[in-house]
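Trainee: Submitted below is the structure of interest, expressed as structure tokens.
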Amino acid sequence: MSSNNSNQSSNKTSTSHHTSTFSSFSTSSSSVTHNGATTSRSETTYSDPSGTRIRRTSQEPGQALREEREEYDANGRRLESGQGSARRIEDVSDEQEGKDREYEERMEDEYAKREGGA
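Residue numbers (this note's numbering): 7 to 124.
Shown next as structure tokens:
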């Protein structure tokens, strides 16, 4: 009987591990104005069982918005998109920036609802 209980316990652990899921979303931003010129930076991190995605943006006075993305698999290995270990940096249009901001706000609202209801 006691070996039966340990088998049940072991099965529960196995089942629990198989069905467990998680996700995490965090974002931070800063904006500094010096002599009337504003520099902005933001970082958004999203993690789930498949891995972690990081998006960083920055904008210097008079410059286009720059975006940098990094991805890591579930084992923490960096996923490369393209050549070597160079990070992908690109200019982002105002339209895309607006879409990204709306998405981030919806995600923050969704997580706030989940935290409030937990």
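For every residue, glycine included, the Cβ atom is placed at its ideal position computed from N, Cα and C.
Taking the alpha carbon of S64 as the point to measure from, which residue in S56, E103 and S30 has its own alpha carbon closest?
Mentor: Taking the first residue of the sequence shown as position 1, residue 64 is located at position 58. Answer by Cα proximity: E103.
Trainee: Could you tell me the alpha carbon to alpha carbon distance between I60 and G42, rounded to whole angstroms?
Mentor: Along the sequence shown, read from residue 1 onward, the residue named residue 60 stands at position 54. Along the sequence shown, read from residue 1 onward, the residue named residue 42 stands at position 36. Their Cα atoms are separated by approximately 30 Å.
Trainee: What is the residue span of the beta strand (DSSP E) that F31 lies within?
Mentor: Counted from its first residue, the sequence shown places residue 31 at position 25. Counting along the chain, F31 sits inside the beta strand (DSSP E) bounded by residues S30 to H40.
Trainee: Hey, quick one: how far does the beta strand (DSSP E) through S48 stretch, first residue to last?
Mentor: Counted from its first residue, the sequence shown places residue 48 at position 42. Per DSSP, S48 belongs to the beta strand (DSSP E) from A43 to D54.
Trainee: Return helix, strand or coil for G104, following the three-state DSSP convention.
Mentor: Taking the first residue of the sequence shown as 1, we reach residue 104 at position 98. G104 carries a helical assignment under DSSP once its states are collapsed to helix, strand and coil.
Trainee: Measure the CB-CB distance between S30 and S56 and report whether it falls below 8 Å.
Mentor: Taking the first residue of the sequence shown as position 1, residue 30 is located at position 24. Taking the first residue of the sequence shown as position 1, residue 56 is located at position 50. Cβ distance not < 8 Å, so S30 and S56 don't count as in contact.
Trainee: At which residues does the beta strand (DSSP E) containing Q65 begin and terminate?
Mentor: Here residue 65 refers to the residue found at position 59 of the sequence shown. First-last of the beta strand (DSSP E) with Q65: G57 to Q65.
Trainee: Terminal residues of the continuous beta strand (DSSP E) containing E74?
Mentor: Sequence index remark: in the sequence shown, residue 74 carries index 68 (1-based). Where E74 is concerned, the enclosing beta strand (DSSP E) stretches over R72 to D79.
Trainee: What did DSSP end up calling S12 once you bin it into helix, strand or coil?
Mentor: On the sequence shown, residue 12 is found 6 positions in, with the first residue counted as 1. At S12 the pLDDT is 42, less than 50, meaning the model places this residue with poor confidence; the figure from the coordinates comes in the next sentence. Looking at S12 - three-state DSSP - the assignment turns out to be helix.
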